Amino acid sequence: MIKPHKPHLRNPLKNARGLGSAKDGTGHFIVQRVTAIALIFLAIYAVGLIISMIGDDYAAVRATVASPCNAILLVAFSIATFWHAKLGMQVIIEDYVHTPFSATVLHLLNIFVCALAGIACVLAIVRIALGA
């Protein structure tokens, strides 16, 4: 005998409960878009700066990077790049890694790698700018 189809009387909110927090999604989305927009302009600047220094000797490149405007924009480019990369990898991990332990390890690895690489870039720019 075939059972008749039962109508779903559950409220959609009841079905969604227990599936995790939905408190930070909008903020994450906005920050990812803001860093993307910033990277459009900063990447154009950085590529233009690099192209303008082709053929220059070390002293000229160091003097160019030591300029406060160039140093600040290069630091901003580095920070925006690794922040945007961290956010993008976070979304990939959340979407495709379903094992809680693996997801936790990958999230921590993502944070540490992006932070370490960003700090290394900023340190390199500061050392070049200060002549250390």
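Residues in the sequence shown are numbered consecutively from 1490, following this note's numbering. Ideal Cβ positions, reconstructed from N, Cα and C, are used throughout, including at glycine. Values in this document were obtained by computation on a predicted structure and should not be read as measured data.
- Around the Cβ of H1573, a 10 Å sphere holds 16 or more other Cβ atoms; the residue is buried.
- At a Cβ-Cβ threshold of 8 Å, V1611 and S1567 count as neighbours.
- In the structure shown, the three-state DSSP call for S1541 is helix.
- The DSSP-derived three-state label of H1573 is helix.
- For T1570, the number of other beta carbons within 10 angstroms of its own is at least 16, and it is reported as buried.
- For A1525, the number of other beta carbons within 10 angstroms of its own is below 16, and it is reported as exposed.
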